[in-house]
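Heads up: the structure comes next, in C-alpha cells.
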Amino acid sequence: MINKRYSYLTEKILKKNLNICEYKASSFDVRQEIAVVEVQNLGKEAAQKAINEWGQPKSKITHLVFCTSSGVDMPGADYRLTELLGLSPSVKRFMMYQQGCSGGGTALRLAKDWLKITRKLVSLLFGPS
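What follows is the structure, given as C-alpha cells:
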C-alpha cells in the first residue's frame, strides 16, 4: 500500500520555471535537469530511513537496484546514490530508467532472484519515481 508520495516541485522552482506550469509549453529539459538532481536526493532520504529502520551497518549492503521513470543521466542515479550514502564502490548496481510502474515489479523480481543466488546478499531497492 502506498502511504505517501513524494514530489520536488516547490513553489520556488515553479516560479523560476514558468514553462512547467504553462499548457503545451516546452518544459522537458527543465524537468529532466530537476529530476537528475532530485531523484538521487529523494533516493538518499528514503534509503537512509530504510537503513536506519534495518539497524545494520551500511557495509553489509552488497547490491543496489534503482528504478526510476525520470532523470536519465550518466553517471546514473544508482552511482550517485552509492556516493551520497557512503556505500562501498564494490556494491553491485543495477539501474533501470523510464520503465514506469512496471519497473518497480521488475526491480523487486531482480532483487529476489539475486537473493536466491546467494543467501549472503543484502539489496537496497528503489523505484519507481
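For the sequence shown, the UniProt record's numbering assigns the number 1 to the initial residue and increments by one for each residue that follows. Backbone N, C-alpha and C fix where the C-beta goes; we use that ideal spot for every residue, glycine too. Small disclaimer: the values here were computed from a predicted structure and weren't measured.
Integer-rounded CB distance, given that residue j should sit under 8 Å from residue i
i, j, result
"L81", "K44", "6 Å"
"V30", "N19", "7 Å"
Residue i and residue j closer than 7 Å at C-beta
i, j, result
"M96", "G104", "no"
"A35", "C67", "no"
"I61", "V39", "no"
"A47", "L9", "no"
Residue closest to residue i, alpha-carbon to alpha-carbon, out of the options
i, options, result
"A111", "C101, P57, F94, Q99", "F94"
"G76", "K15, N41, A50", "N41"
"I117", "S69, H63, Q98, P89", "H63"
"R109", "V65, F28, N3, I51", "V65"
"residue 131", "E53, Q32, K49", "Lying outside 1 to 129, the shown extent of the chain, residue 131 is not represented and no answer is given."
Check: Which runs of the alpha helix (DSSP H), 4 residues or longer, sit entirely within the region 11 to 77?
Finding: 11 to 16, 28 to 54
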